[in-house]
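Everything below concerns the one structure shown next.
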Amino acid sequence: MEILNCTLGNIARPTLKYLGLPIPFWALAYIMACYIHNQITNNLTKSSTPYQLIHGHPSQIDHLKPFGDVGFVHDMLPSW
Numbered sequence: 012m013e014i015l016n017c018t019l020g021n022i023a024r025p026t027l028k029y030l031g032l033p034i035p036f037w038a039l040a041y042i043m044a045c046y047i048h049n050q051i052t053n054n055l056t057k058s059s060t061p062y063q064l065i066h067g068h069p070s071q072i073d074h075l076k077p078f079g080d081v082g083f084v085h086d087m088l089p090s091w
């Protein structure tokens, strides 16, 4: 388990540093690292991703956007 934490930290820390994001974004960077880690093959899973092994089909990653991109929320509630 410690090796996994180290691996995720090795993805999250440089991401925060490269983007110049403050410490409060650490948790989001760590979640992003975990998500990406589950979408790629590794030495243990060989030709399948961890996601495929759990769900039985490849994941859809076309919805992913670069971490740190600006996003907007369309508020559908009336403003009165």
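Just so you know, we're using my numbering here: the sequence shown kicks off at 12 and counts up by one. Glycine included, C-beta positions come from ideal geometry on N, C-alpha and C.
Counting the other Cβ atoms within 10 Å of the Cβ of F78 gives 16 or more, which makes it buried.
Shown here for A23: same chain residues with a beta carbon closer than 6 Å to its own, the five before and five after excluded, namely A40, Y41 and A44 in chain order. Around the beta carbon of Y29, fewer than 16 other beta carbons sit within 10 angstroms, so the residue counts as exposed. Note on T26: 16 or more other CB atoms within 10 angstroms of its CB, so buried under the neighbour-count rule.
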